[in-house]
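A quick write-up on the structure given underneath.
In this note's numbering, the protein residues as written are 273 to 578.
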């Protein structure tokens, strides 16, 4: 082996050494727990009082029980409805804000200040947000007091007893927490678009609407796909906001119960078998939906092939 080849091997060795911390962290905290969860889903393992039952091999019995109850589809519907209610206004508002911030013709003053302000809710813990909204919209909270004193309502409205209001509150909190982060991502994508394209469009007489739909949106598609997939994953993992807002019950009548809240109930009761089966189901659903978004988003390579 000559000196050049020895030098290449030496550099490769350091690359593998720098990768070791990530690999160790991934194996210990992600791969092993994932494999353990899949294994537990095929066992009967729960606590009956102070007695531990199992682990006993039961095959796919946990999956059969999970889907035979029918509740899982209701909880998935709840999760998707509240995610969509929060994501649609989030992406619309974020696109508008990113377009305004990146458009030099707007000449907005104090951009740094406004970018900081819209991102700040993302730094607040979701539990704190949920407690704030729970206090504001309580039966004797300031929102009801203000509406009654203004004569808009004759008596306090029970926000926590209405299916629509609870879902709107959960979606609103998710929107407020995440639209700033989405705006920053979309803004970064827009600023990466060459200004020469906009100048050429302006010379050709294109208006701002045509520029947005014909230039900005197609070139922004990879960022939009990333935002949609990460938002979907976050939506399927929705837990803390509805958990605190409804005291873990998903009221009214479990219409705000999410899949992770359902999973938490199994883990709280130490039913590890059912918890593992539900976790595997969530893993598969997340992967399938993410693949569907990526596949049908119109993502094309530079040769125009799918």
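Note that beta-carbon positions come from the ideal geometry of N, C-alpha and C, so glycine has one too. For clarity, every value in this text was computed on a predicted model and none was experimentally measured.
Neighbour-count burial assignment, residue i, 16 or more Cβ in a 10 Å radius
i, result
"residue 560", "exposed"
"residue 312", "buried"
"residue 390", "buried"
"residue 404", "exposed"
"residue 528", "buried"
"residue 533", "buried"
"residue 449", "buried"
"residue 492", "buried"
"residue 388", "exposed"
"residue 438", "buried"
"residue 470", "buried"
"residue 416", "buried"
"residue 297", "exposed"
"residue 578", "Unreliable positioning characterises residue 578 in this predicted model, as indicated by a pLDDT of 44, which lies under 50. The coordinate reading is nonetheless provided below. That one is exposed."
"residue 409", "buried"
Chain-order list of residues whose beta-carbon lies under 6 Å from that of residue i (same chain, five-residue window excluded)
i, result
"residue 513", "398, 402, 442, 445"
"residue 365", "451"
"residue 359", "503"
"residue 576", "Note on residue 576: pLDDT 42, under 50, position unreliable in the model; the coordinate value appears next. Within the same chain, residue 576 has no close Cβ partners at all."
Contacting residues, own chain, Cβ-Cβ under 7 Å from residue i (five flanking each side not counted)
i, result
"residue 480", "none"
"residue 459", "370, 373, 374"
"residue 516", "399, 402, 403, 406"
"residue 349", "none"
"residue 574", "Any reading at residue 574 must be qualified, since the residue scores a pLDDT of 44, below 50, and its modelled position is unreliable; the value itself is stated next. Closer than 7 Å at the Cβ level, and outside the excluded window around residue 574, lies no residue."
"residue 393", "448, 449, 452"
8 Å Cβ shell around residue i - same chain, five flanking residues per side excluded
i, result
"residue 332", "314"
"residue 420", "426, 427, 428"
"residue 338", "344, 546, 549, 550, 553"
"residue 495", "457, 458, 460, 461"
"residue 454", "362, 363, 366, 499, 503"
"residue 440", "357"
"residue 482", "473"
"residue 598", "Past the edges of the chain, shown from 273 to 578, lies residue 598, and the structure says nothing about it."
Sub-8 Å separation of residue i and residue j beta-carbons
i, j, result
"residue 659", "residue 351", "The structure shown does not extend to residue 659, since the chain is modelled only from 273 to 578, so the question has no answer here."
"residue 293", "residue 435", "no"
"residue 510", "residue 355", "yes"
"residue 558", "residue 505", "yes"
"residue 530", "residue 347", "yes"
"residue 381", "residue 411", "no"
Any non-hydrogen atom of the ligand NAP closer than 7 Å to residue i Cβ
i, result
"residue 414", "As for the ligand NAP, it is missing from this structure, which has no ligand bound."
Inter-stretch contact at 8 Å, needing at least 3 Cβ pairs: the region 535 to 546 / the region 310 to 329: yes
Ignoring anything shorter than 4 residues or poking outside the region 300 to 330, list the alpha helix (DSSP H) runs there in chain order. 304 to 312
Could you pull out every unbroken beta strand (DSSP E) segment of at least 3 residues lying fully inside the region 415 to 493, listed in chain order? none
Runs of alpha helix (DSSP H) wholly within the region 361 to 420 (minimum 4 residues, chain order): 383 to 391, 398 to 408
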